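Going down the list, the sequences are from chains A and B.
Going by the numbering used here, 38 is the number at position 38 of the first sequence; the sequence numbering is gapless.
One rule links them: number in the numbering used here = place in the second sequence (from 1) + 1000.
Backbone N, C-alpha and C define an ideal beta-carbon position, used for all residues, glycine too.
Here the structure is a predicted model, which means the values were calculated and not measured.
Number of protein chains: 2
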Amino acid sequence: MDKTDRTILAALQNDARLTNNELADIVGLSASQCSRRRTQLEKDGIIVGYHAKLDREKTGFGLTTIISVTLATHNSENSKLIRELFDSLPEVIEAHAMTGEMDYYIKIATKDLKSLSSFINDKLLAHEAVQHVKTAISLETLKDTQNIPIGQ
Amino acid sequence: MDKTDRTILAALQNDARLTNNELADIVGLSASQCSRRRTQLEKDGIIVGYHAKLDREKTGFGLTTIISVTLATHNSENSKLIRELFDSLPEVIEAHAMTGEMDYYIKIATKDLKSLSSFINDKLLAHEAVQHVKTAISLETLKDTQNIPIGQ
DNA sequence: ATCACTATGCAAGCACCTTGCATGGGATTT
DNA sequence: AAATCCCATGCAAGGTGCTTGCATAGTGAT
């Protein structure tokens, strides 16, 4: 992976709909070569996928919440259970195992406070492995590019 | 925006490279109509953009950190400054103004602990508006679909 | 200096996207 | 209930973009 590849990656992070002709202008190669490089980056698993980004407000999922989850007991069984729980819940759009006193950070997308409340009570706290949660609601999303700074 | 539109949105969230023919099979319309609906969803700002998702490890940005930022003084000037700061830092891939005792949650993508350390010290703590930060490092990303659960 | 291998550009064939046009379905009004 | 209007839809054609075979240039090793 050379500088040209990184330029392609940065460009496609910003706009996955770029044609190979447009990519060619950006990186200074022919369109066919851009096509080949892009295909290779996909094969190598460097490009994982292409996703449409939706407006959270307009789609009715404007509420973003970050929840810290603490396990009841720290063992591999509970760890496995909690992963399966996060996997199975579509409201969980991101989940991390963390350092520090909080075991997991998860990001939640819901319609409103009512659905958030039922998510926490019925899905999270109802689970045997979960001991405690700490909820922080996003008042405003200031930035939300998940783009890694590969171009810089 | 009807049920068909939501199906299209859910499909494009998962795979932005779907052709209109493939979309047509999914939603049960013709390809031309899928094209028209998709164009309209873009015009309405419901589809904000299309982005390639990259492998964090393979691109060398495997370190994810969540930082709570507390302001020195809560006034509109500092609020403005902190927004501009987050905007200008490419390592900040997500930023929220939060409820609770912590003012901002930001998500950071860096290559390693060294670059994280210099980010915190030279970029964050060096800023006049920042009083205090609390750092939590992701040991493992369990889930990272930013897809809103519009299909469910 | 030679050889081998990879990257590249060009061109053609193919797939896909877009848009004009005609049709059909649904809702509203009389 | 009938008529009318409007919007969504399907079809087809024209144009655009993507992919791949082939020949060539560039690069590195021996």
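Span of the alpha helix (DSSP H) around residue i
i                      : result
residue 7 (chain A)    : 3-14
residue 1043 (chain B) : 1031-1043
residue 1026 (chain B) : 1020-1027
residue 1082 (chain B) : 1076-1088
residue 58 (chain A)   : Per DSSP, residue 58 (chain A) belongs to no alpha helix (DSSP H) and is neither H nor E.
residue 1116 (chain B) : 1113-1118
Contact under 8 Å by Cβ, residue i with residue j
i                      : j                      : result
residue 10 (chain A)   : residue 71 (chain A)   : no
residue 1104 (chain B) : residue 50 (chain A)   : no
residue 1066 (chain B) : residue 146 (chain A)  : no
residue 1096 (chain B) : residue 140 (chain A)  : yes
residue 47 (chain A)   : residue 1136 (chain B) : no
residue 68 (chain A)   : residue 1098 (chain B) : no
residue 1060 (chain B) : residue 1123 (chain B) : no
residue 1091 (chain B) : residue 149 (chain A)  : yes
residue 14 (chain A)   : residue 35 (chain A)   : no
residue 1116 (chain B) : residue 1029 (chain B) : no
residue 39 (chain A)   : residue 26 (chain A)   : no
residue 1037 (chain B) : residue 142 (chain A)  : no
residue 16 (chain A)   : residue 1126 (chain B) : no
Chain B contact for residue i (CB, 8 Å cutoff)
i                     : result
residue 77 (chain A)  : no
residue 116 (chain A) : no
residue 96 (chain A)  : yes
residue 146 (chain A) : yes
residue 152 (chain A) : yes
Under 9 Å from the C-beta of residue i: neighbouring residues of chain A
i                      : result
residue 1013 (chain B) : 51, 52, 53 and 54
residue 1099 (chain B) : 135, 136, 137, 138 and 139
residue 1127 (chain B) : Result: empty, since nearest Cβ-Cβ is about 15 Å, beyond 9 Å.
Interface partners of residue i on chain A, CB under 7 Å
i                      : result
residue 1121 (chain B) : In chain order: nothing, as chain A lies at least about 18 Å away.
Any C-beta of chain A under 8 Å from that of residue i
i                      : result
residue 1017 (chain B) : yes
residue 1036 (chain B) : no
residue 1047 (chain B) : yes
residue 1112 (chain B) : no
residue 1022 (chain B) : no
residue 1067 (chain B) : no
residue 1063 (chain B) : no
First through last residue of the beta strand (DSSP E) which encompasses residue i
i                      : result
residue 107 (chain A)  : 104-110
residue 1142 (chain B) : 1130-1143
Residue closest to residue i, alpha-carbon to alpha-carbon, out of the options
i                      : options                           : result
residue 89 (chain A)   : A:75, A:73, A:79 and A:107        : A:107
residue 5 (chain A)    : B:1116, B:1054, B:1078 and B:1109 : B:1054
residue 1131 (chain B) : B:1073, B:1144 and B:1042         : B:1073
residue 1151 (chain B) : A:144, A:109 and A:77             : A:109
residue 120 (chain A)  : A:101, A:85, A:144 and A:100      : A:85
residue 1043 (chain B) : B:1001, B:1031, B:1080 and B:1075 : B:1001
residue 1041 (chain B) : B:1031, B:1018 and B:1012         : B:1012
Partners in chain A for residue i, counting only beta-carbon separations shorter than 8 Å
i                      : result
residue 1026 (chain B) : Under the 8 Å cutoff, chain A gives no residues; its nearest Cβ is about 14 Å from residue 1026 (chain B).
residue 1072 (chain B) : Within 8 Å Cβ-Cβ: nothing; residue 1072 (chain B) doesn't reach chain A, min ~18 Å.
Residue i: contacting residues in chain B (beta-carbon distance under 7 Å)
i                    : result
residue 33 (chain A) : By Cβ distance, chain B contributes nothing, its closest Cβ being about 18 Å from residue 33 (chain A), past 7 Å.
residue 87 (chain A) : 1143
residue 91 (chain A) : 1149
Contact set between residue i and chain B, taken where Cβ atoms lie within less than 8 Å
i                   : result
residue 9 (chain A) : 1052, 1054 and 1059
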